[in-house]
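*Asks:* In full-length UniProt numbering, the protein residues as written are 1 to 392.
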Amino acid sequence: MQSKLSATPPLELHIEHVPLNAALNRRLAQDIIAQHPVPPADNSAMDGYALRLADLRQNTPLPICQRIPAGAAPQPLAANSCARIFTGAELPAGADTVVMQENTKALADSVQFLQSENYTVGDNIRPQGQDISAGQQLAKQGDKITPALLGLLASQGLTTVPAQRPLTVTLISTGNEIIELGQDLAQGQIYNSNFYAVSSLLASWGCINIKYLHVEDSLTETINAFDQSAKDSDLVISFGGVSVGEEDHVKQAISSLGQLEQWKIKLKPGKPMMLATINQTPILGLPGNPVSAFVTFLLFAKPLLNALCNTNAPSTASFQVPLGFSIEKPRQRPEYLRANIVNGQVISAGNQSSGVLSSLQQCQGLALIPADQSLNKGEAVSFFPIESLIYG
Ligand SMILES: Nc1nc2c(c(=O)[nH]1)N[C@H]1C(S)=C(S)[C@@H](COP(=O)(O)OP(=O)(O)OC[C@H]3O[C@@H](n4cnc5c(N)ncnc54)[C@H](O)[C@@H]3O)O[C@H]1N2
Ligand code: MOO
């Protein structure tokens, strides 16, 4: 299912030229190619003296012929002289080495170099283009605009960045028992935690215009909600109402409106997960159990969002960790276990019921337990750090 999602054709997302200070977490609409080298010229990495190393003689002071603070335009360096120079100041033509001032002894108009045999040409010089060379690709279309990328863009002198317009994603919660925060709970009711978890996962992914609808357990209401939101959203994500009970109306609503691509997957948590389209709009039906909604968002909504925005995302980082316990009874479905690494071994982060959100909050990551196998303590399983699942 992940490969099906990743193959979803990208949306046509028009370009908005966004000021740098408003662009965090937006997605790039174009590749960014550097126009200028950074640093723009060779400059000093230290406060000290710039010289030609060949001019340096042990115990023979060199006259100081110019003083170059950062921001000044230097004169070419005369032979057998040196320049007083400061961190970030442009190197004078002819100089090939900077000696930090701690390794010198300043005299009236000259400077003596200590430990002169220890220097090498190029010492303490940050060469032109060390960070970025002109023509270098800085980022690709679809990349998230991160703090580091904003710094790079600013180092090019750009005032705006070409960003994709934000996606519009409608979240639909389902269920008569769900009430909004701030109200007293009546018997049988629970607070709507999924909206807050899933909408913040969307916000962590990138800049998204989130719309929200709640439907009671009614087929007509469910049909109307999906019908409307498919028309005015790039993507619709529902949670709950997707399983087999007669109060679960999502599948039937979708079947009457569009195309059911997949319903039910071999996975724990997340078994009743649904993928569909209404006209061209993709619909993801996440299960209502809070952990199932969270985990299926990470596993399926993220690749779909990446595909819609033409983001070439690296596959989620995982590493192998030995199990700290044995699994005698093979799982019927592959299971993403909320887990921690303790003394180099995977241990469960607590109750693995799909309604227990606290073990998700307390886990370092998800350990993938394959189906149909018993595993001995010490056998390796894949471990996915939760931070890289969310932000990677
Ligand atoms: N007979 C069967 N019953 C169930 C099966 C099955 O195969 N056969 N699958 C179980 C599995 S696995 C899951 S997961 C759940 C998923 O059911 P739904 O997606 O239909 O979700 P609901 O029944 O509507 O809700 C499940 C659970 O989650 C709570 N919930 C729902 N929305 C929210 C929300 N916005 N915030 C917080 N909590 C929410 C809801 O109250 C339920 O407790 O089905 C099993 N059943
Ligand atoms: O698939 Mo359900 O998510 O096991 O609880």
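Ideal Cβ placement from N, Cα and C applies to all residues, glycine included.
#1: Taking a contact to mean a Cβ-Cβ separation below 8 Å, would you say Thr-120 touches Phe-113 in this structure?
#2: By Cβ distance, which residues of its chain are closer than 6 Å to Ile-32, with the 5 residues on each side in sequence left out?
#3: Measuring only the C-alpha atoms, how far is Ser-229 from Pro-282?
#4: Does the distance from the C-beta atom of Leu-267 to that of Leu-275 stay below 8 Å?
#5: Quick check: is any heavy atom of ligand 2 less than 7 Å from the C-beta of Asn-289?
#6: For the UniProt domain "MoaB/Mog" (170–307), list the alpha helix (DSSP H) runs that are entirely contained and at least 4 residues long, ordered along the chain.
#7: Ends of the beta strand (DSSP E) at Glu-117?
#8: For residue 453, report the span of its alpha helix (DSSP H) as first-last.
#9: Taking Cβ to Cβ, would you say Asn-192 is nearer than 8 Å to Ser-218?
#10: Between Ile-390 and Ser-204, what straight-line distance do the alpha-carbon atoms span, to the nearest angstrom?
#11: What's the gap between the Cα of residue 422 and the Cα of Ser-200?
#12: Take every Cβ of the segment 286–304, pair it with every Cβ of the segment 326–335, and state whether three or more of those distances are shorter than 8 Å.
#13: Which whole runs of the beta strand (DSSP E) in the segment 63–124 are 3 residues long or more, in chain order?
#14: Determine the extent of the alpha helix (DSSP H) in which Ala-34 is found, giving its start and end residues.
#15: Are Phe-239 and Met-273 closer than 8 Å when you measure CB to CB?
#16: Of the residues Ile-369, Gln-259, Asn-306, Val-169, which one's Cα is nearest the Cα of Phe-384?
#17: Can you say whether Arg-67 is buried or exposed, counting buried as having 16 or more other CB atoms within 10 angstroms of its CB?
#18: So the candidates are Gln-75, Arg-165, Val-18; which of them puts its Cα closest to the Cα of Asn-310?
#19: Is any heavy atom of ligand 2 found at a distance shorter than 7 Å from the C-beta of Lys-268?
#20: Note the first and the last residue of the continuous alpha helix (DSSP H) segment covering Ala-154.
#21: Mark Phe-319 as exposed unless 16 or more other C-beta atoms lie within 10 angstroms of its C-beta, in which case mark it buried.
#22: Given the structure, does Ser-359 come close to ligand 2, in the sense that its CB is under 7 Å from one of the ligand's heavy atoms?
#23: Quick check: Ser-358 and Ser-292, are their CB atoms within less than 8 Å of each other?
#24: Is the separation between the beta-carbon of Ile-347 and that of Gln-364 shorter than 8 Å?
#25: Between the alpha carbons of Gly-94 and Leu-56, how many angstroms are there, rounded?
#26: Express the C-alpha separation of Pro-290 and Gln-361 in angstroms, rounding to a whole number.
#27: Could you check the C-alpha separation between Lys-251 and His-214 for me, to the nearest Å?
#28: Can you tell me whether Lys-377 is helix, strand or coil according to DSSP?
#29: CB of Val-242 to nearest heavy atom of ligand 1: below 7 Å?
*Replies:* So, to answer that:
#1: Working through the sequence shown from its first residue, we reach residue 120 at position 120. Working through the sequence shown from its first residue, we reach residue 113 at position 113. No, these two residues do not count as a Cβ contact at 8 Å.
#2: Reading the sequence shown from its first residue, position 32 is the one you call residue 32. For Ile-32, where only same-chain residues beyond five positions count, the Cβ hits under 6 Å are Leu-138, Ala-139.
#3: Numbered from its first residue, the sequence shown carries residue 229 at position 229. Numbered from its first residue, the sequence shown carries residue 282 at position 282. Approximately 11 Å between the Cα atoms of the pair.
#4: Locating residue 267 in the sequence shown gives position 267, where the first residue counts as 1. Locating residue 275 in the sequence shown gives position 275, where the first residue counts as 1. No, these two residues do not count as a Cβ contact at 8 Å.
#5: Here residue 289 refers to the residue found at position 289 when the sequence shown is read from its first residue. It does: the Cβ of Asn-289 is within 7 Å (strictly closer) of some heavy atom of ligand 2.
#6: 193–205, 219–231, 250–257, 290–296
#7: Here residue 117 corresponds to residue number 117 of the sequence shown, with the count starting at 1. Unbroken run through Glu-117: none, as it is neither H nor E.
#8: Given that the chain is displayed from residue 1 to residue 392, the structure contains no residue 453 and the question cannot be resolved.
#9: If you number the sequence shown from 1, residue 192 lands on position 192. If you number the sequence shown from 1, residue 218 lands on position 218. Going by C-beta atoms, Asn-192 is not nearer than 8 Å to Ser-218.
#10: Stepping through the sequence shown from its first residue, residue 390 is reached at position 390. Stepping through the sequence shown from its first residue, residue 204 is reached at position 204. In a straight line, the C-alpha of Ile-390 is about 7 Å away from that of Ser-204.
#11: The structure shown does not extend to residue 422, since the chain is modelled only from 1 to 392, so the question has no answer here.
#12: no
#13: 82–85, 97–100, 104–106, 110–113
#14: The count along the sequence shown starts at 1 and reaches residue 34 at position 34. Counting along the chain, Ala-34 falls outside any alpha helix (DSSP H), and DSSP gives it neither H nor E.
#15: Taking the sequence shown and counting its residues from 1, the one referred to as residue 239 is at position 239. Taking the sequence shown and counting its residues from 1, the one referred to as residue 273 is at position 273. Cβ atoms of Phe-239 and Met-273: not closer than 8 Å.
#16: Here residue 384 refers to the residue found at position 384 when the sequence shown is read from its first residue. If we check each option's Cα against that of Phe-384, Ile-369 comes out closest.
#17: Residue mapping note: residue 67 aligns to position 67 of the sequence shown, counting from 1. Classification for Arg-67: exposed.
#18: Your numbering for residue 310 matches position 310 in the sequence shown. It is Arg-165 whose Cα lies nearest to the Cα of Asn-310.
#19: Residue numbering aside, residue 268 sits at position 268 when the sequence shown is read from its first letter. Yes, the Cβ of Lys-268 comes within 7 Å of a heavy atom of ligand 2.
#20: Start at 1 with the first residue of the sequence shown, and residue 154 comes out as number 154. Its alpha helix (DSSP H) spans residues 147–155.
#21: In the sequence shown, the residue the question calls residue 319 occupies position 319. With fewer than 16 other Cβ atoms within 10 Å, it is exposed.
#22: For the purposes of this step, residue 359 is identified with residue 359 of the sequence shown, where counting begins at 1. Flag unset: Cβ of Ser-359 not near ligand 2.
#23: Position 358 of the sequence shown, counted from the start, is the residue given in the question as residue 358. Position 292 of the sequence shown, counted from the start, is the residue given in the question as residue 292. Cβ distance not < 8 Å, so Ser-358 and Ser-292 don't count as in contact.
#24: Locating residue 347 in the sequence shown gives position 347, counting from the first residue. Locating residue 364 in the sequence shown gives position 364, counting from the first residue. Cβ atoms of Ile-347 and Gln-364: not closer than 8 Å.
#25: Residue numbering aside, residue 94 sits at position 94 when the sequence shown is read from its first letter. Residue numbering aside, residue 56 sits at position 56 when the sequence shown is read from its first letter. If I take the Cα positions, the gap works out to 14 Å.
#26: Here residue 361 refers to the residue found at position 361 of the sequence shown. Here residue 290 refers to the residue found at position 290 of the sequence shown. C-alpha separation (whole angstroms): 11 Å.
#27: Residue 251 sits at position 251 when you count from the first residue of the sequence shown. Residue 214 sits at position 214 when you count from the first residue of the sequence shown. Approximately 16 Å, taken between the alpha carbons.
#28: Within the sequence shown, residue 377 is the residue found at index 377, counting from 1. In the structure shown, Lys-377 sits in coil (DSSP, three-state: anything other than H, G, I, E or B).
#29: Counting from one through the sequence shown, the residue named residue 242 turns up at place 242. Yes, Cβ of Val-242 sits closer than 7 Å to a heavy atom of ligand 1.
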